[in-house]
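Written out as structure tokens, the structure is:
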């Protein structure tokens, strides 16, 4: 699982709108993981968070071996 998570993190990290990505495996199940993606500030990118998610979904769907769920969270 760790190797697969690292593969996904590389794809995400290579996106020009992404500032940082952090991920970890485990938690409630041994075959699960979680990632937190920080986007560049809005004035440094042209797309909305949803447009970036849509773009990443297409790229990540090509990677076999795991199911991903991407969603934007609201800033406080």
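Numbering (this note's numbering), first residue to last: 852 to 927. Note that beta-carbon positions come from the ideal geometry of N, C-alpha and C, so glycine has one too.
Buried or exposed (CB count within 10 angstroms, at least 16 for buried), residue i
| i | result |
| --- | --- |
| residue 868 | buried |
| residue 878 | exposed |
| residue 919 | exposed |
Candidates the options, of which the one nearest residue i by Cα
| i | options | result |
| --- | --- | --- |
| residue 866 | 854, 900, 877 | 900 |
| residue 923 | 857, 873, 887 | 887 |
| residue 913 | 853, 852, 859 | 859 |
| residue 883 | 925, 896, 857 | 857 |
Supposed close pair residue i, residue j - CB separation, criterion 8 Å
| i | j | result |
| --- | --- | --- |
| residue 870 | residue 855 | Between residue 855 and residue 870 the Cβ distance is about 23 Å, and since that is not below 8 Å, they are no contact. |
| residue 853 | residue 876 | 5 Å |
Separation of residue j from residue i, as counted between CA atoms
| i | j | result |
| --- | --- | --- |
| residue 902 | residue 916 | 24 Å |
| residue 907 | residue 861 | 11 Å |
| residue 898 | residue 910 | 16 Å |
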